[in-house]
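**Student:** Heads up: the sequence shown begins at 5 in the numbering used here, then just goes up one per residue.
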Amino acid sequence: MLRQRSYPVTYTMRQMLCVEFEDMKNFGIIRKGNSPYASSLVGLEKAGGSNLICIDYRQLNQQTVFYLTP
5 MLRQRSYPVT YTMRQMLCVE FEDMKNFGII RKGNSPYASS LVGLEKAGGS NLICIDYRQL
65 NQQTVFYLTP
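#1: Excluding five sequence neighbours on each side, which residues of the same chain lie with their C-beta closer than 8 Å to the C-beta of Glu49?
#2: By the three-class DSSP mapping on this structure, what secondary structure does Val13 have?
#3: Classify Asn55 as helix, strand or coil using the three-state DSSP reduction.
#4: Check each candidate in Gly47, Gln67 and Tyr61 and name the one with the smallest Cα separation from Val23.
#5: Distance, Cα to Cα, Arg35 vs Asn65?
#6: Does DSSP put Arg7 in a helix, a strand or coil?
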């Protein structure tokens with residue numbers, strides 16, 4: 005089981021994330037789930053003023069087993 009703590013989010017970024025998540029939910033891109041894995045997300049504001057949502061998978065990647073096959 006892997007659940008990360010969430011990063012602090014400013015009020016304006018939280019509003020942006022809520023709008024983005026609602027749009028993605030309405031378009032069927034995302035849905036509510038029940039998984040033992042949860043990675044933190046980070047909302048970033050790009051230089052041009054647009055927003056970017058990133059997910060921090062570093063802890064999940066550390067637990068992933070990669071099989072090397074030819």
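Where is the CB? At the ideal position from N, CA and C, for every residue including glycine.
**Tutor:** For this structure:
#1: Answer for Glu49: Met17, Asn55 and Leu56, listed in chain order.
#2: coil
#3: strand
#4: Gly47
#5: Each residue's alpha carbon lies about 23 Å from the other.
#6: strand
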